[in-house]
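Below: one structure, written as structure tokens.
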Amino acid sequence: MFRFNDVNLLKINQLKKRYPSNDALVLPCLWMIQYQEGYIPLEAIDTMSELIKVPPMEIYRVASFYTMFHLEPQEKLVVDVCKTLSCKLCGSDAILKHLQSNDKIRLRHVECLGSCGTAPVMQVKDIYYENLTLQKVDSILEELL
Amino acid sequence: MIELSVNNKTYHAQEGSLLIDLLIKENIHIPYFCYHEALGADGNCRMCMVSIQGQKRPQIACDTIVKEGMVVDTQNESIKKIRTDILELELINHPVDCPICDQAGECSLQDFYMEYGLHNSQVSIEEKVKHAKKIDLGSDVMLDQERCVLCARCTRFTEKITKTHELGIIGRGDEAKVSTFPGRKLDNPYAMNVVDLCPVGALTSKDFRFSQRVWFLQTSDSVCHGCAKGCSIYVDHNKLKYKDDVIYRFRPRRNDAVNGFFMCDEGRLSYKDLQENRQERTVLNSQDIDEEKAIENVKNLIQTHKTSIAVIIDANLYTEEIEAIVSFSNSIGANVYSPLSVYIDEGFEDDMLKSSNRAANFKSIENLGIDTSFPKAERLFINFNHPHNFSAESQVNFLTHKRNNSGLTFPLASFVESAGTLMNEDGIEQRCEKILFKNNAVPTVLEYLKRIES
Amino acid sequence: MRDCRLVSQKFEIENSYTLEVAKAHGGYKSLEKLDQLSPKQCVEIIKESGLRGKGGGGASAGDKWSLMPQDSTKPSFLVVNCDESEPGTFKDRQIISKDPHLLIEGILLTSYAIQAKHAYIYIRGEYKQFQDILQNAIDEAYDAGLLQNCDITIHRGAGAYICGEKSALLESMEGKRGHPRLKPKQKECEWYFGNPTLVNNVETIASVPYIIENGAQAYRRFGTDESPGTMLFAMSGHIEKPGVYESEFGVSMLEYIHHFGGGIKNGKKLKAVIPGGASTDVLTADEVAKATLDYETLRNMGSALGTGGMIVMDEDVSMVEALKNLLEFYHEESCGQCTPCREGTGWSDKLVEKLLRKEATKDDINKLLEVADTMNGKTICVFAPAVSTVIQSFVKKFRDEFEMKL
Chain A
5 MFRFNDVNLL
15 KINQLKKRYP
25 SNDALVLPCL
35 WMIQYQEGYI
45 PLEAIDTMSE
55 LIKVPPMEIY
65 RVASFYTMFH
75 LEPQEKLVVD
85 VCKTLSCKLC
95 GSDAILKHLQ
105 SNDKIRLRHV
115 ECLGSCGTAP
125 VMQVKDIYYE
135 NLTLQKVDSI
145 LEELL
Chain B
238 MIELSVNNKT
248 YHAQEGSLLI
258 DLLIKENIHI
268 PYFCYHEALG
278 ADGNCRMCMV
288 SIQGQKRPQI
298 ACDTIVKEGM
308 VVDTQNESIK
318 KIRTDILELE
328 LINHPVDCPI
338 CDQAGECSLQ
348 DFYMEYGLHN
358 SQVSIEEKVK
368 HAKKIDLGSD
378 VMLDQERCVL
388 CARCTRFTEK
398 ITKTHELGII
408 GRGDEAKVST
418 FPGRKLDNPY
428 AMNVVDLCPV
438 GALTSKDFRF
448 SQRVWFLQTS
458 DSVCHGCAKG
468 CSIYVDHNKL
478 KYKDDVIYRF
488 RPRRNDAVNG
498 FFMCDEGRLS
508 YKDLQENRQE
518 RTVLNSQDID
528 EEKAIENVKN
538 LIQTHKTSIA
548 VIIDANLYTE
558 EIEAIVSFSN
568 SIGANVYSPL
578 SVYIDEGFED
588 DMLKSSNRAA
598 NFKSIENLGI
608 DTSFPKAERL
618 FINFNHPHNF
628 SAESQVNFLT
638 HKRNNSGLTF
648 PLASFVESAG
658 TLMNEDGIEQ
668 RCEKILFKNN
678 AVPTVLEYLK
688 RIES
Chain C
24 MRDCRLVSQK
34 FEIENSYTLE
44 VAKAHGGYKS
54 LEKLDQLSPK
64 QCVEIIKESG
74 LRGKGGGGAS
84 AGDKWSLMPQ
94 DSTKPSFLVV
104 NCDESEPGTF
114 KDRQIISKDP
124 HLLIEGILLT
134 SYAIQAKHAY
144 IYIRGEYKQF
154 QDILQNAIDE
164 AYDAGLLQNC
174 DITIHRGAGA
184 YICGEKSALL
194 ESMEGKRGHP
204 RLKPKQKECE
214 WYFGNPTLVN
224 NVETIASVPY
234 IIENGAQAYR
244 RFGTDESPGT
254 MLFAMSGHIE
264 KPGVYESEFG
274 VSMLEYIHHF
284 GGGIKNGKKL
294 KAVIPGGAST
304 DVLTADEVAK
314 ATLDYETLRN
324 MGSALGTGGM
334 IVMDEDVSMV
344 EALKNLLEFY
354 HEESCGQCTP
364 CREGTGWSDK
374 LVEKLLRKEA
384 TKDDINKLLE
394 VADTMNGKTI
404 CVFAPAVSTV
414 IQSFVKKFRD
424 EFEMKL
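Protein chains in written order, with the working numbering: chain A, 5 to 149; chain B, 238 to 691; chain C, 24 to 429.
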């Protein structure tokens with residue numbers, strides 16, 4: 005049975021006062037679940053639905069819309085490498101090719117991370133790793149894994 | 238009322254109403270998928286675009302409020318090209334399932350293609366977006382995600398009409414598809430209406446699936462007899478060669494005074510009941526008996542028990558049939574009853590269409606002042622299809638369906654095999670014509686009465 | 024190139040994101056002006072200054088502010104759009120991580136002007152590490168008693184470019200999918216749960232303190248008549264010193280590229296520049312030579328200033344591959360609500376892929392242009408017209424490269 009931890013329950017109560025309607029809590033609650041569990045389990049959606057009074061299907065629709073929400077448990081480290089134009093012009097293709105065969109990670113080709121000035125870029129968990137080279141990528145992953 | 242012009246003709250419309258409503262009402266044909274009068278506009282299909290004078294870009298009719306002096310053109314070359322182009326985009330990922338798709342013949346996509354499209358497919362089968370094709374959503378609804386045009390009618394139905402929120406669009410872009418919450422089913426008493434709402438063959442009735450091509454079906458108007466709401470329906474039936482006239486499905490018929498656009502699933506599937514377990518022969522204590530002889534028996538029984546006869550009437554019969562029975566009963570000095578409590582099912586009622594009174598025409602029983610309590614004991618009971626099983630010294634039954642009972646039993650025509658009017662619980666009267674012409678037709682109430690009285 | 028740091032003046036100062044340092048360098052000074060200005064006067068000043076929205080649209084901020092009711096019975100809201108996801112754009116993140124207090128100052132001024140009591144900052148999900156800096160700054164502001172008249176709440180997105188479209192952003196904030204709304208027939212404010220709402224880009228709000236403190240005319244001293252003031256332009260791609268550099272409007276694009284960017288990387292020749300973030304018409308090297316960084320010139324050239332994020336491409340770039348890269352972006356990010364965009368982005372992506380595999384015919388190129396045309400002006404929002412403009416500009420200006428792939 006999923007339940008929000010106490011810190012999150014407190015946060016939810018505080019957030020309820022900051023919005024004209026509890027519907028707005030869908031995104032914040034989904035983030036809380038993902039940080040608590042590493043992904044968004046379906047039963048957590050039911051718990052959330054009870055708390056903010058939004059039907060489960062409405063929450064599921066929203067969760068499936070966004071790139072950053074994982075609806076399945078993630079066994080491997082998720083590595084998001086930006087593939088959009090500026091990064092491509094600065095060599096992201098080589099990095100993507102290099103990481104393709106790395107089966108210790110789950111490599112995702114993501115769109116513009118807003119770090120074009122320090123391309124190529126990748127994001128792991130919440131941190132940006134910028135100005136990448138193949139060596140840098142290897143040493144960063146070595147540390148993280 | 239305000240005045241505006243469409244395609245160089247003048248029309249009048251209610252102030253504040255939508256342009257698309259006017260176009261639909263006046264039969265000015267424009268294509269659309271996502272608009273529905275009961276669900277409102279969503280503006281996502283982009284097919285209903287029209288040219289409005291003074292507006293640089295074409296506007297969608299479903300989001301345009303009529304204005305005095307508006308000049309609308311739905312047929313100019315640029316609008317036609319836009320329709321064709323948008324339709325082509327709608328079709329590129331749509332699987333060419335027509336040969337196996339139930340919706341063929343009543344499919345908006347097919348109709349619009351024949352009228353505005355006629356393109357050749359330019360995206361190969363390998364490149365088309367693929368999804369699941371045979372999802373049983375529950376409640377007899379099958380979902381084919383590939384055929385879906387994402388008009389969102391079904392999801393808006395479960396959001397706004399039934400408020401049960403089972404369906405939604407998940408994913409993004411061209412991977413978007415309709416789904417239920419994983420592991421959960423479509424489960425509400427009006428679920429099958431989404432099959433009617435779906436403009437293409439994405440949502441189909443599991444009950445009707447693969448059973449008949451719609452262009453063979455004959456569509457007749459009638460009224461559902463499932464409860465006192467009396468939803469207007471279409472009866473789709475067909476008489477195949479060497480076979481009998483068979484009903485394939487009921488669909489709701491629009492009636493703004495009674496049921497709007499929808500009907501409940503139980504009523505929708507009640508057509509099966511009309512074709513199963515029917516009383517087909519005249520029997521006496523379960524033994525076949527010749528009909529002429531049986532009629533003679535009835536006349537004798539009436540003579541014998543003439544001071545102690547109860548006539549019981551099913552509140553689902555037509556008003557004319559009920560009146561004729563009352564008249565007949567008076568002529569033979571019988572007491573007339575139509576026990577009401579048998580029809581009441583509090584659990585069936587809801588705040589949409591379903592009524593707790595399962596008798597379609599009890600209002601007429603009420604209006605005619607017929608006794609709705611249980612009959613006291615009499616020696617002869619003549620039962621015109623009332624659902625309760627009575628016991629008396631002598632019994633004569635006129636039944637549509639087989640029952641375990643004794644006495645003389647005649648087979649009775651069902652409401653689609655007979656004609657008449659009925660009045661629903663709100664006092665609205667509707668007329669039904671005879672629809673089904675069975676190979677071995679059984680007599681109606683009026684036909685029986687004529688024979689007995691002669 | 025004049026030095027005009029109206030928004031970025033604190034960026035290089037150490038710990039500029041703390042309240043202490045911000046205040047030491049003039050932070051929150053403009054709030055004093057509010058003692059002499061009514062909300063309506065503030066709106067007038069912004070109108071007079073000609074401040075234009077910096078999120079890509081370039082519409083007059085003052086006009087937008089005027090759409091907000093001055094005396095509504097419903098609460099008004101301010102929503103700051105920090106969903107920066109336009110490829111080539113990375114300026115708002117500089118503001119929130121290097122001078123968040125400037126943004127907070129701008130929020131306080133704006134909410135005073137539109138009489139809002141609550142401001143939300145919608146920040147893209149990927150910007151978590153910058154969001155933390157911003158949240159710290161907000162906490163500092165709360166502790167210092169600066170937020171007594173206006174609450175600020177950060178609302179985190181979760182990875183959807185379309186949520187940068189203002190009506191999709193509000194849908195997302197209402198707990199729904201980020202589907203842009205149908206546009207009203209006459210100009211009106213935005214609505215958040217049915218309450219009047221103003222949505223403005225981070226940089227737009229961050230420009231307000233300078234204008235309120237120094238006046239509309241001071242702002243107009245920079246830039247051109249039609250594009251007054253400054254903007255945080257950016258350069259990325261094949262440039263020696265990519266980054267965000269504030270400049271006034273009207274400067275020559277080539278000069279900007281050389282002055283701040285150090286010219287093309289590795290001394291190569293310039294081939295093309297996408298001037299304002301991916302959703303603007305690409306400019307050939309000849310056009311770049313004639314371009315100046317302002318709204319009117321670029322519009323007259325058939326392109327747009329957009330977010331001012333220049334993507335610089337050198338002579339070795341295959342324009343077909345570049346187009347494919349951008350179409351993949353649009354294909355991924357389309358919300359899927361309306362037909363032309365949902366299907367059009369997918370199909371145009373597949374058509375260019377076919378071209379790259381050398382399996383396309385001339386008809387396919389024409390089809391690509393036709394699809395682009397269908398996506399233009401017939402959808403709910405401007406996402407599809409952006410795709411249309413990208414496809415058409417690439418194919419028309421570099422037709423020979425496309426035909427070589429046949």
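Beta carbons: idealized from backbone N, C-alpha and C, even for Gly.
Alpha carbon of residue i to alpha carbon of residue j, nearest angstrom
{"i": "residue 463 of chain B", "j": "residue 352 of chain C", "result": "54 Å"}
{"i": "residue 476 of chain B", "j": "residue 483 of chain B", "result": "6 Å"}
{"i": "residue 143 of chain A", "j": "residue 270 of chain C", "result": "38 Å"}
{"i": "residue 118 of chain C", "j": "residue 438 of chain B", "result": "51 Å"}
{"i": "residue 306 of chain B", "j": "residue 244 of chain B", "result": "13 Å"}
{"i": "residue 583 of chain B", "j": "residue 611 of chain B", "result": "19 Å"}
{"i": "residue 215 of chain C", "j": "residue 673 of chain B", "result": "56 Å"}
{"i": "residue 73 of chain A", "j": "residue 110 of chain A", "result": "14 Å"}
{"i": "residue 283 of chain C", "j": "residue 141 of chain A", "result": "29 Å"}
{"i": "residue 54 of chain C", "j": "residue 176 of chain C", "result": "20 Å"}
Closer than 7 Å to chain B by CB, residue i
{"i": "residue 77 of chain A", "result": "no"}
{"i": "residue 123 of chain C", "result": "no"}
{"i": "residue 359 of chain C", "result": "yes"}
{"i": "residue 60 of chain A", "result": "yes"}
{"i": "residue 179 of chain A", "result": "The structure shown has nothing for residue 179 of chain A, since chain A only spans 5 to 149."}
{"i": "residue 80 of chain C", "result": "no"}
{"i": "residue 366 of chain C", "result": "yes"}
{"i": "residue 370 of chain C", "result": "yes"}
Closest residue to residue i among the options (Cα-Cα distance)
{"i": "residue 122 of chain A", "options": "A/69, A/85, A/68", "result": "A/85"}
{"i": "residue 144 of chain C", "options": "C/131, C/179, C/173", "result": "C/179"}
{"i": "residue 607 of chain B", "options": "B/515, B/432, B/556", "result": "B/556"}
{"i": "residue 421 of chain B", "options": "A/46, A/67, A/97", "result": "A/46"}
{"i": "residue 265 of chain B", "options": "B/272, B/318, B/248", "result": "B/248"}
{"i": "residue 217 of chain C", "options": "C/314, C/196, C/416", "result": "C/196"}
{"i": "residue 501 of chain B", "options": "B/448, B/586, B/537", "result": "B/586"}
{"i": "residue 53 of chain A", "options": "A/72, A/7, A/39", "result": "A/7"}
{"i": "residue 451 of chain B", "options": "B/623, B/643, B/331, B/336", "result": "B/336"}
{"i": "residue 291 of chain B", "options": "B/309, B/283, B/298, B/277", "result": "B/309"}
{"i": "residue 22 of chain A", "options": "C/141, C/35, C/137", "result": "C/141"}
{"i": "residue 248 of chain C", "options": "C/89, C/412, C/318, C/293", "result": "C/318"}
Residue-chain proximity (residue i, chain C), Cβ-Cβ < 7 Å
{"i": "residue 310 of chain B", "result": "no"}
{"i": "residue 111 of chain A", "result": "no"}
{"i": "residue 28 of chain A", "result": "yes"}
CB contact below 7 Å: residue i versus chain A
{"i": "residue 181 of chain C", "result": "yes"}
{"i": "residue 171 of chain C", "result": "no"}
{"i": "residue 216 of chain C", "result": "yes"}
{"i": "residue 368 of chain B", "result": "no"}
{"i": "residue 437 of chain C", "result": "Since the first residue shown for chain C is 24 and the last is 429, residue 437 of chain C is missing from the structure and cannot be characterised."}
Host beta strand (DSSP E) of residue i (start-end)
{"i": "residue 51 of chain C", "result": "Here residue 51 of chain C belongs to no beta strand (DSSP E), and DSSP marks it neither H nor E."}
{"i": "residue 390 of chain B", "result": "Per DSSP, residue 390 of chain B belongs to no beta strand (DSSP E); it is in the alpha helix (DSSP H), 390-393."}
Residue interval of the alpha helix (DSSP H) (run including residue i)
{"i": "residue 405 of chain C", "result": "Element bounds for residue 405 of chain C: n/a, residue is neither H nor E."}
{"i": "residue 379 of chain C", "result": "362-379"}
#### Entry: Minimum length 3: unbroken beta strand (DSSP E) runs contained in the stretch 192-251 of chain C
213-215, 218-224
#### Entry: Uninterrupted alpha helix (DSSP H) stretches inside the stretch 426-459 of chain B (no shorter than 4 residues)
430-434
#### Entry: Whole runs of the alpha helix (DSSP H) within the stretch 41-72 of chain A, excluding any shorter than 4 residues
46-56, 60-69
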